[in-house]
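Protein chains in written order, with full-length UniProt numbering: chain V, 1 to 389; chain D, 1 to 389; chain L, 1 to 389; chain A, 1 to 389. Quick reminder that beta carbons are idealized off the backbone N, C-alpha and C, glycines included. Reviewing the structure listed below.
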């Protein structure tokens, strides 16, 4: 009954997945409820993940990573999700997945040593600050401004919805350095403790509770010029480069939540009796389980295919948008049905599917809202009228 | 098991509905398959409907109609649909519902005598020509042009998707009489037989087979100036005035098809056995029937409420758009499930639900495509940004 | 654009009642809503304020201490509350007497009415209703909490689950098994708080409905006088079933109530919020969603009120109430979900009101009978199931 | 914008095969498609042309007269046909041998292979497969057509329904009851056209699949030699079940094939067609639909090919094939429906290709096992049902 997919994985990847599941059962599940209530993960978790060889897969060895492909990362994350991680724990433990690639892809060796290696070793936490109180998915509309003053950048502005920024040691901040829309943005590293830089508040969310999400304030924050990562005004391009891996990560969270909910529910309806028979003696209940299973299988199949094509060097930006959507739609629908089939208990905090229901709701919003990605894909696929010059 | 709704009807309306059902069983059902294959209705049907007092309800007595409210019309049409009319037969037998109101609302007494009374008496057939090969739902884009020349209009252009235009005796034609977008259109009556006016072809459709749908060609067609109905350049306003009743009619066809399909299917699954038990012994089958029923009940309730508010003099243009959508969505979904529950037989022409499946598909397109009406409703309900002057 | 506040279907007095309820809610309830949600309960003095405003006991006859008026009056009032943004939990906490005392008011002895009904309707006491058990869910006939006569007392043993207002409550009307005859062996017995052996074993933590105190109850040799029996012995199931229609209509109202509130909040938000240089509602996709939200709310409201009207007219509408509940709670869930989506990242934050509605609405397809269970009940009532042998 | 022609998952040879099939279809089939649809059958000489082009017998071993190659090769080829716009009926009529002769090729005697398989795969004969009966639908175990030994002959009595290519067919492999042991008492027997007592009692009129000749068959004391038994007596069900996976994968391919073709036709149409002064694809709502069409087609194709790959690798994927079929046929139906919608009034006309796809796709959720039946089968295979007692 328990669905634990292995198709598409090499034997090595199956081993990675199993090691992730084993780690989860030992180090995560016993503490997860406490972390969700505390609103953040303990810093030691990063170190434990690093020791288990599960923190830095997918990051290049020359930057302190464990190497490996996007598919390897997917195998590990599938193991985590299948074994019961919360969305917030995943997002927070792996925030470096969206923050350090910019540095090791575009930064200097010195920057890699200072800001990438400690994070991949589990000794530091970094985050990435793009979104602003007024912008949402509209990256080109960013207004936080960095101005050169002597040998320093002076930064003023605000960021919001920044994962791991409360616990974080430094923030890769997207700043406006020229009035040229998307082409006037730069990445600048701002360490915690820099005068003028504060976490103005920790946001309270519907779910992703174990993740510390901050609103950040920058008032005349000064950092050295060499905190600029890569070239000036090239940030939009750097960010766009990592959209595919981020969306695959979110797609994986999506079908991962669904996979976990399916297994929990299949077990529950086999045990729970009502009207004198097990719930799964009802055809309608079985039909739902099969539909849940179908959606998980299909979302997984397409997500992994896009990851495979990415690893093979194909350009799959539109495909990653299209992978994210079915996977997160699957998550939302399956978690909803899981709550429904658990009945009144499904509405209680003590029941795991309740947490998944709240966790998945961010997925169609985060990493690009479905509506925005859909229109982006339309342009990439040639389904829009040509832009007039 | 058979669902024959009466809620919302007065005793008189129940009687009207029952008389429509009785007429259908006697005069329509035995011939319907033949009419569908011939691609048109016999002209005598109009006379029979008139004799039964079912043709001209809703049209004012001073124009030769039987009087009555929109709700009275709904009661009759509900009876027709519940008893098994096809969509095409309805559209064709009641084409005057969209064509003669323009004349009796805006025309001269002489025009009413010539073009309304014979139709409402069942002696003549009229149609309404709006759509052109290039326009679809975009009325303001009409290009068929009428130019004054002495005491005549000279008309050139083409129309398409014109119901009852093959059998018809005259066509109320929407012509461009000024280059002022929506505000440059006029209604002009063009009798069959006028030189230059031809039915260039009879269109073959997926469904609505009993309805004769024509493509019309106007080449230097000359009609007297007094064929203009109402004021020059006021046609868009006249047309818009009748949108509510047309959309309520289409909503009624929608839930009517669904009601008929529900009853046919409920009966079928009670009789048909598979795997040793009646089909309705399966929980999944019953859940579908209830969902079909639910959708029909709800679509009916809202459609009739909007009709009631229309009769009471309220402005319900947005509400009529919103009534059409659930009713036609219901029709499409219920007919689909009806085919599905009939299995292989549901795909066969000999099975009535097969016809409904093809018939309903026009409903989300005709009378304003769902997408267009949705945006119209958005503007009417204040959900759009203010237009800039 | 002004907020939508529907009045169709209400008479003038009901419109006034709705508006006065709405004003009361905006003045007395909404400023404290967030505080009550965090406290996990509504303060007791709110009952008294409601009573003074004449909003507590509408729909209850004056002879039992009610304010008189009809079911419809009460619906108008509650619509006003929902439109103001009252949470599902607060509404439930304030109006638990709507499900807790009708059985006593209709069937109980004058003593019971004097002691429990009148003070509750005066805002001095809080009652609750104990039906569901840890093992039963929607299966009322499977109740196992036992009441046995011993001299002039009932001795009650068992447990109850998911009991609204039971933590604050002064008494609970408990459905007990008094004979081994399934649904025909259930009786209702009033148990006052403080009776030895009766404890609220824990307060449940829920996904939403946070302002409602929901308890798990334990009955361990609880002794109450024989006179605490409500009505006749073994008639409990009929008394309960008698309330199913009004309870489901009430839940349907909450469903479309959430939808109305979320629609209004969202329409205002997308008109103000800009992205990519224009207001969000300049996007066609956004407008289409608003119209669909409106459509679902309108249609669900119309059908719910139609069923209520037919119920008030004496019709048996058990199955129709099921359909109304399903339609309206689906509308509530769908609209709340889209509201979160259109609020983007802010929609996921606790500080944004739609976040609460999303969690609150999720209970509705489960509470008062799970959709799947009710659907099969409706199938039998409509004759869509094979005859029981 | 160019038409989308996916190749992911195919090797170079398969891409070439797909392209050659597509070119063949565009040259030899598409010019006649409308004519064949109206004639209700595909001419016999098409089989010969297919054979000459090496496109008829791909996937069949050379020793039975096939062209060799794998299931995957055959899928590549059929994808080419679907992408070119071949109708569901024509595809079925041309490839009925895909379901009709595998049982003989695998289990039949050398004589049967020589006589029926080789000529069929050479394009000289047309075979069909007779399983379904007027009373059975998807319930194969309930077959009642009886075959009794009488001397050296089988005597067959009964009827078959919905038999593809049986009107043109030269022989039919008939599933007969040879023992009263449910699924375990069925045998396959070859019946040549012209055998006394075997008649095609009528050619069925269908909603779509018009180019496929579908017959109802009568067997009235039909006598054939004992040697016409395929494989072992009473093993028919296993032989049939053996083909379920490939048959369902084939239907899944048709599902996503319709989707690809409809997407391409629609993307081209909305780029050209203007309304309200701009191309249709300048509307955000239209683009969102195209992306959703693309997404569904991509995802369905990926999962279908993954299941085929796992099947080819020797895995048991009976349940997964069910999920693939459901996913892909739902995609086909949904995309065809949206294609009609976006074509507006023209989408309802027989002259518009998407109109045909809409009718063709509707068979897929019924044929090869109705979705509801297959879903419950999958539930059992996944362990989602209680153990059978």
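### Message
Taking CB distances under 7 Å as the criterion, tell me whether residue 8 of chain A reaches chain L.
### Response
So, not an interface residue.
### Query
Taking the DSSP output, what are the residues bridged to residue 349 of chain L?
Beta-bridge partners of residue 349 of chain L (DSSP): V:205.
#### Entry: Per DSSP, cross-strand counterpart(s) of residue 475 of chain A
This structure cannot speak to residue 475 of chain A, because chain A is shown only from 1 to 389.
### Message
Whole angstroms are fine: how far does the CA of residue 257 of chain D sit from the CA of residue 57 of chain D?
### Response
Residue 57 of chain D and residue 257 of chain D: Cα-Cα distance of roughly 21 Å.
### Query
So what does DSSP say about residue 233 of chain V, is it helix, strand or coil?
Three-state DSSP puts residue 233 of chain V in coil, outside helix and strand.
### Task
With DSSP as the reference, label residue 155 of chain D as helix, strand or coil.
Residue 155 of chain D falls in the strand class under three-state DSSP.
### Query
According to the neighbour-count rule (16 or more other Cβ atoms, all chains shown, within 10 Å of its Cβ), is residue 389 of chain D buried or exposed?
Per-residue confidence for residue 389 of chain D stands at a pLDDT of 43, beneath the threshold of 50, marking its modelled position as unreliable; no derived number is given.
### Query
On the premise that residue 358 of chain D lies in contact with residue 293 of chain A, defined as a C-beta separation below 8 Å, what is that separation, rounded to the nearest angstrom?
So it is not a contact: roughly 22 Å between Cβ atoms.
### Query
Would the beta-carbon of residue 351 of chain V fall within 7 Å of that of residue 342 of chain V?
Taking a C-beta distance under 7 Å as the contact criterion, residue 351 of chain V and residue 342 of chain V qualify as a contact pair.
### Query
For residue 193 of chain D, does the count of other Cβ atoms within 10 angstroms reach 16, so buried, or fall short, so exposed?
Looking at its Cβ environment, which holds fewer than 16 other Cβ atoms inside 10 Å, residue 193 of chain D is exposed.
#### Entry: Interface residues of the stretch 276–294 of chain A facing chain L [CB-CB below 7 Å]
Residues passing the 7 Å Cβ filter: 283, 284, 285, 288.
### Task
Compute the Euclidean distance between the alpha carbons of residue 368 of chain V and residue 343 of chain L, then round it to the nearest angstrom.
The alpha-carbon of residue 368 of chain V is positioned some 13 Å away from that of residue 343 of chain L.
### Query
Which of the three DSSP states, helix, strand or coil, is assigned to residue 130 of chain D?
Three-state DSSP puts residue 130 of chain D in coil, outside helix and strand.
### Query
Can you tell which of A:271, A:246, A:321, A:37 has the C-alpha that lies nearest to the C-alpha of residue 75 of chain A?
That would be A:246, whose Cα lies nearest to the Cα of residue 75 of chain A.
### Query
Relative to chain V, which residues along the stretch 264–289 of chain D have a C-beta separation below 7 Å, given in chain order?
Hits within the stretch, in order: 282, 283, 284, 287.
### Message
Helix, strand or coil, according to DSSP, for residue 187 of chain D in the structure here?
### Response
The three-state reading of DSSP puts residue 187 of chain D in strand, counting E and B together.
### Task
Take residue 340 of chain V as the anchor and find which of V:84, V:353, V:349 has the nearest alpha-carbon.
Of the listed residues, the one whose Cα sits closest to residue 340 of chain V is V:353.
### Task
From the DSSP output, in three-state form, read off residue 136 of chain L for me.
Residue state, collapsed to three classes: coil.
### Query
On the three-state DSSP scale, how would you describe residue 389 of chain V?
Unreliable placement is indicated for residue 389 of chain V, whose pLDDT of 43 sits below 50; the coordinate value is still reported in the next sentence. The DSSP-derived three-state label of residue 389 of chain V is coil.
### Task
Assuming residue 100 of chain V contacts residue 129 of chain V (C-beta within less than 8 Å), just tell me the rounded distance between them.
Between the beta-carbon of residue 100 of chain V and that of residue 129 of chain V there is about 14 Å, and that puts the pair past the 8 Å contact cut.
### Task
Excluding the 5 residues preceding and the 5 following residue 328 of chain L in the sequence, name in chain order all residues of the same chain whose CB lies nearer than 6 Å to its CB.
Once the five neighbours on either side are set aside, the close Cβ partners of residue 328 of chain L are 252, 255, 256, 300, 304.
### Contact list for the stretch 329–350 of chain D against chain A, Cβ threshold 9 Å
Correct list: 332, 336, 339, 340, 341, 342, 343, 344, 345, 346, 347, 348, 349, 350.
### Task
Show which residues of chain A have a CB atom less than 7 Å away from the CB atom of residue 364 of chain D.
Within chain A, the residues placing a beta-carbon under 7 Å from that of residue 364 of chain D are 341, ordered along the chain.
### Task
Could you work out which residue in L:367, L:110, L:297 is closest to residue 162 of chain L when comparing CA atoms only?
Measuring C-alpha to C-alpha distances from residue 162 of chain L to each of L:367, L:110, L:297 identifies L:367 as the nearest.
### Task
Report yes or no: do three or more beta-carbon pairs, one from the stretch 230–238 of chain A and one from the stretch 105–116 of chain A, lie closer than 8 Å?
Taking a cut-off of 8 Å for Cβ pairs, the stretch 230–238 of chain A and the stretch 105–116 of chain A touch, as three or more such pairs fall below it.
### Message
Between residue 136 of chain L and chain D, is any beta-carbon pair separated by less than 7 Å?
### Response
No, because no Cβ of chain D sits closer than 7 Å to the Cβ of residue 136 of chain L.
### Task
Just tell me which of V:107, V:50, V:306 has its CA closest to the CA of residue 320 of chain V.
For residue 320 of chain V, the closest C-alpha among the options V:107, V:50, V:306 is that of V:306.
### Nearest residue (CA-CA) to residue 349 of chain A, options D:97, D:208, D:157
Out of D:97, D:208, D:157, D:208 has the C-alpha closest to the C-alpha of residue 349 of chain A.
### Exposed unless 16 or more other CB atoms sit within 10 angstroms - verdict on residue 34 of chain D
Exposed is the label assigned to residue 34 of chain D, since fewer than 16 other Cβ atoms lie within 10 Å of its Cβ.
### Query
Using 8 Å as the threshold, is the stretch 117–134 of chain D in touch with the stretch 172–186 of chain D, meaning 3 or more CB pairs across them?
The stretch 117–134 of chain D makes contact with the stretch 172–186 of chain D; the number of CB pairs closer than 8 Å reaches 3 or more.
### Task
Pull out every residue of the stretch 362–378 of chain A whose Cβ sits closer than 9 Å to any Cβ of chain D, in chain order.
Hits within the stretch, in order: 362, 363, 365, 366, 367, 370, 371, 372, 373, 375, 376.
### Message
Which residue wins for smallest C-alpha separation from residue 136 of chain A, given the options A:147, A:154, A:159, A:119?
### Response
Among A:147, A:154, A:159, A:119, the Cα nearest to that of residue 136 of chain A is on A:159.
#### Entry: Beta carbon proximity, residue 205 of chain A to chain D, threshold 7 Å
So, interface residue.
### Query
Where does residue 170 of chain V fall in DSSP's three states?
Strand, per DSSP.
### Message
Would you say residue 345 of chain A lies against chain D (beta-carbon separation less than 7 Å)?
### Response
With a threshold of 7 Å between beta carbons, residue 345 of chain A makes contact with chain D.
### Task
Please list the partners that residue 204 of chain V has in chain L, where partner means a Cβ-to-Cβ separation under 8 Å.
What residue 204 of chain V touches in chain L: 349, 350, 351.
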